[in-house]
Each structure stands twice: as C-alpha cells, then as structure tokens.
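When the letters of the sequence shown are read in order and numbered with the working numbering, they come out as residues 2 to 74.
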Amino acid sequence: MFRLFAFLFIFFSQIVFATPSDEATFAVSPSVVKVHVIDAKGNHGVGSGIVVADNQVATNCHVVANAQGVQIG
Numbered sequence: 002m003f004r005l006f007a008f009l010f011i012f013f014s015q016i017v018f019a020t021p022s023d024e025a026t027f028a029v030s031p032s033v034v035k036v037h038v039i040d041a042k043g044n045h046g047v048g049s050g051i052v053v054a055d056n057q058v059a060t061n062c063h064v065v066a067n068a069q070g071v072q073i074g
C-alpha cells in the first residue's frame with residue numbers, strides 16, 4: 002500500500018509542477034511566433050520560435066535547415 006501511495010504521489014506531483022499557469026502563458030505568448038518555411042522543392046513547413054530582439058527570432062535548426070524562404074507569422 003505504501004508503494005502505491007508513494008508512486009501516485011510522485012507521479013501526480015510531477016504533473017502539477019509541469020503545468021504552466023495561465024499568467025505565465027499569457028506573459029510569454031507575445032514572444033512565441035510561427036516560423037513558416039519553404040524548401041527548394043516547394044515543400045512547406047511550420048515551426049515555432051521566440052522573439053529575442055527586434056528582427057531576431059530564435060528557433061531550432063531543423064526548422065530552417067533546408068529552407069529557401071522563411072516567413073514569421
């Protein structure tokens with residue numbers, strides 16, 4: 002019984018801490034942007050990025066690795 006209680010306590014405490022508050026989500030949401038890309042074959046892709054400065058967005062390398070064009074939306 003103790004093991005079950007310990008497991009449930011640890012499992013559910015991680016879920017609670019992993020859930021962002023509405024206030025935190027609202028505060029950072031203007032900084033999160035969609036990154037639209039197109040490659041040489043005309044394939045489209047979408048990723049996400051964060052605004053780090055005027056005219057600068059940080060995103061993962063795999064989002065723009067083969068991109069011929071990038072649009073922030």
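Note that CB positions come from ideal geometry on N, CA and C, so glycine has one too.
Can you check whether the CB of residue j is closer than 8 Å to the CB of residue i?
i	j	result
C61	G48	A small correction: the amino acid at residue 61 is Asn; Cys does not occupy that position in the sequence shown. In this structure, G48 lies closer than 8 Å to N61 by Cβ.
Closer than 6 Å by C-beta to residue i: which residues in its own chain qualify, once you throw out the five before and the five after it? Chain order, please.
i	result
V53	A59
Is it buried or exposed, residue i, if we count other Cβ atoms within 10 angstroms and call 16 or more buried?
i	result
G50	buried
Between residue i and the rest of its own chain, which residues show a CB-CB distance below 8 Å, the 5 nearest in sequence each way excluded?
i	result
A68	V38, I39, D40 and G46
G43	none
Tell me where the beta strand (DSSP E) around residue i begins and ends.
i	result
A54	H45 to A54
G74	Counting along the chain, G74 falls outside any beta strand (DSSP E), and DSSP gives it neither H nor E.
Given residue i, which residues of its chain have a CB within under 7 Å of its CB, disregarding the five upstream and five downstream residues?
i	result
Q72	H37
Problem set entry | Cβ pair count under 8 Å reaching 3, the segment 4-13 against the segment 25-41 | Under the 8 Å Cβ criterion, the segment 4-13 does not count as touching the segment 25-41, having fewer than three qualifying pairs.
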